[in-house]
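Numbering (the working numbering), first residue to last: 20 to 89.
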Amino acid sequence: MEIRDSNGAELNDGDSVTLIKDLKVKGTSETIKRGTLVKNIRLNGRDGEIECNTKQVKGLVLKTKFVKKA
């Protein structure tokens, strides 16, 4: 299964991505800002989703429509 970012670029384990929109994190008061670089993503086998860690939140699941490959 190919996982693609908002621009159609293929994503792989270990890639870095940049957020294209401010995102509120469910269950916390945190907002991750547009332009935040997220390193070392993991593909979780679900279409349109990746897993990652940020400085603010560990174990985050992001929709690929909100990221672009760095």
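All residues carry an ideal CB built from backbone N, CA and C; glycine is no exception.
Would you kindly work out how many angstroms separate the C-alpha atoms of L79 and D24, rounded to a whole number? Within the sequence shown, residue 79 is the residue found at index 60, counting from 1. Within the sequence shown, residue 24 is the residue found at index 5, counting from 1. Approximately 16 Å between the Cα atoms of the pair.
Have a look at G64, I39 and E21 and flag the residue whose alpha-carbon is nearest the alpha-carbon of A89. Locating residue 89 in the sequence shown gives position 70, where the first residue counts as 1. Measuring from the Cα of A89, the nearest candidate turns out to be I39.
Endpoints, beta strand (DSSP E) assigned at E49: Sequence index remark: in the sequence shown, residue 49 carries index 30 (1-based). Looking at the DSSP string, E49 is not in any beta strand (DSSP E), and its letter there is neither H nor E.
Just to check my reading of the structure: R61 and I69 have Cβ atoms closer than 8 Å, yes? What is that Cβ distance to the nearest angstrom? Sequence index remark: in the sequence shown, residue 61 carries index 42 (1-based). Sequence index remark: in the sequence shown, residue 69 carries index 50 (1-based). Confirmed, about 7 Å.
Identify whether K88 lies in helix, strand or coil by the three-state DSSP scheme. Counting from one through the sequence shown, the residue named residue 88 turns up at place 69. K88 falls in the strand class under three-state DSSP.
Output the distance between the C-alpha atoms of T83 and K43, rounded to the nearest integer angstrom. Here residue 83 corresponds to residue number 64 of the sequence shown, with the count starting at 1. Here residue 43 corresponds to residue number 24 of the sequence shown, with the count starting at 1. Answer to the nearest angstrom: the Cα atoms are 15 Å apart.
Just to confirm my understanding: we take E49, look at its own chain, exclude 5 residues before and 5 after, and list those with CB closer than 7 Å. What are they? As a working note, residue 49 is residue 30 in the sequence shown. Excluding sequence neighbours, E49 sits near Q75 and V76.
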